[in-house]
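Numbering (our numbering), first residue to last: 15 to 452.
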């Protein structure tokens, strides 16, 4: 009994230390990235004063940032490519070795370069994998307990997600639902402690405002649940399509192995730069875009443009093999498609459809559920980000339908597919430092 108490206390103390480190590093990452995102749009608008020279300068800057980000991955930490969630999951299953600490600076600076330059990738990808690496370091070098390494690695990853979205409960739920898919007392204590401290540090540094302004809670008519089920079903099909696009772009880029990966990444950067030149608001992680959709839903034509651009650029950018996640881009697509559904179906749905705001909020959780297949994480994360507890029942309904119809469409959870790709590539090219998809 005494040994068990000592073990649990050791896990909690180590998790608090992990959360502290993740909170400090994640807060710095978010602060610098938000600064870059603000100035990117300003500089692009300034560049329009001299269109030809401005476009060349903008394209050169974006391409250079993406090329450097990819070079950092190839040179120092190949496992840092992409989201990193699939690698953390593989470590949890004993299928891969933990990432070394080299992944931390590569994820940090590579993520800032790639996402700051405008690639539609999520900031949670770098913070999740950095958090996992920090948890592993604390377990092996500071605590000296290798048995606690999986619990602390998962707790650090969950803290990274919590910091990225200012969503502590979602970070803990993510650990159980997506990373470990198991619930133990040790893991529960580790996840809760790390997420709590990490988000406390982040709120102290960056403020405690929720991520999205989404209005005040209102009564949600039960009669609208049928609409939310239909909306979720549509998201299930859209999510299946998005997952298909993601793997298709990865497969397509892999067929071009004769071209150096930094050149391929640079070409993708050029495409993003061109899109950003004409529509600066449509590139980047997508948090600001999702917020603008929630506050003032665009016209149907504008929503169709947003969906077309983001559905194409998101999977394409992920194929560049630079540090960046999948979660945040899904939020913008979810908000846009939800608002579009409200605008199109409202006039014809019996009794009318919910508002574009409600459909946008529900859509963010539903799109996440359809692609990642972690509906509880998606629901809790969206509730924390929007402060709309009144949307809980509509979200449950839509996310259930999204998960169901994505499965019926034959789509597998995206991180299962990415993990298997990563492991298959490691088997093809065995190296001390495993290389994920390029």
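A virtual CB, placed ideally from N, CA and C, is assigned to each residue, including glycine.
Spatial neighbours of residue 454 within its chain, please: C-beta separation below 8 angstroms, excluding the five flanking residues on both sides. Outside the modelled stretch of the chain, which goes from 15 to 452, sits residue 454, for which no answer is possible.
Mind checking whether residue 209 and residue 173 have CB atoms under 8 angstroms apart? yes
Going by other Cβ atoms of all chains shown within 10 Å of its Cβ, with 16 needed for buried, is residue 362 buried or exposed? exposed
In whole angstroms, what separates the C-alpha of residue 27 from that of residue 196? 22 angstroms
Please state whether the Cβ-Cβ distance between residue 132 and residue 290 is less than 8 angstroms. At the C-beta level, residue 132 and residue 290 come within 8 angstroms of one another.
Below 8 angstroms between beta carbons: does that hold for residue 169 and residue 189? Taking 8 angstroms as the Cβ cut-off, residue 169 and residue 189 qualify as a contacting pair.
Closest to residue 106 by CA distance: which of 150, 356, 299, 90 is it? Nearest C-alpha to residue 106: 150.
For a test of the three-state rule: what should DSSP assign to residue 182, helix, strand or coil? helix
Please report how far the alpha carbon of residue 29 lies from the alpha carbon of residue 216, in whole angstroms. 16 angstroms
Can you have a look at residue 292 and say buried or exposed, based on whether 16 or more other CB atoms are within 10 angstroms of its CB? exposed
Based on the DSSP output, what are the partners of residue 40 in its beta bridges? Paired residue(s): none; residue 40 is not in a bridge.
May I ask you to list the residues that DSSP assigns as paired with residue 136? 339
Locate the alpha helix (DSSP H) running through residue 215, then write down its first and last residues. 199-220
Secondary structure of residue 33, DSSP reduced to three states: helix
Check whether residue 335 and residue 95 have beta carbons under 8 angstroms apart: yes
Residue 391, buried or exposed, once every other Cβ within 10 Å from all chains shown has been counted against 16: buried
Going by beta-carbon coordinates alone, are residue 100 and residue 332 separated by less than 8 angstroms? no
Are there 16 or more other CB atoms within 10 angstroms of the CB of residue 320, so buried, or fewer, so exposed? buried
Nearest to residue 129 by CA position, among 400, 382, 367, 337, is which residue? Comparing Cα-Cα distances from residue 129 to each of 400, 382, 367, 337, the minimum goes to 337.
Would you say residue 25 and residue 203 are within 8 angstroms of each other, going by their C-beta atoms? yes
Quick one, which of 109, 63, 46, 283 has its alpha-carbon nearest residue 441's? 109
Is residue 408 near residue 376, with beta carbons less than 8 angstroms apart? yes
My output table needs one value for residue 348: the three-state DSSP class, helix, strand or coil. helix
State whether the stretch 120-128 contacts the stretch 79-95, with contact taken as three or more CB pairs (one from each stretch) at a distance under 8 angstroms. Judged by pairs of C-beta atoms under 8 angstroms, the stretch 120-128 touches the stretch 79-95, as three or more such pairs exist.
Note down, in chain order, each residue of its chain lying with its Cβ closer than 8 angstroms to the Cβ of residue 295, except the 5 sequence neighbours on either side. Here residue 295 has 55, 302, 303, 306 as same chain residues with Cβ atoms under 8 angstroms from its own Cβ, once five neighbours each way along the sequence are excluded.
Distance between residue 267 and residue 278 (C-alpha atoms, nearest Å): 8 angstroms
For the alpha helix (DSSP H) containing residue 73, name the first residue and the last one. 65-90
Tell me where the alpha helix (DSSP H) around residue 265 begins and ends. 239-268
Tell me the residue span of the alpha helix (DSSP H) that contains residue 109. From DSSP, residue 109 is part of no alpha helix (DSSP H); its letter is neither H nor E.
Straight-line Cα distance separating residue 433 from residue 104: Between residue 104 and residue 433, the C-alpha separation is close to 7 angstroms.
Between the CA atoms of residue 153 and residue 241 - distance to the nearest angstrom: 48 angstroms
Can you tell me whether DSSP reads residue 328 as helix, strand or coil? helix
Unbroken alpha helix (DSSP H) run spanning residue 226, endpoints: Careful: residue 226 lies outside any alpha helix (DSSP H) and carries neither H nor E.
Secondary structure of residue 96, DSSP reduced to three states: strand
Within 8 angstroms, strictly: CB atoms of residue 297 and residue 325: no
Out of 389, 127, 178, 238, which one is the CA nearest neighbour of residue 379? 389
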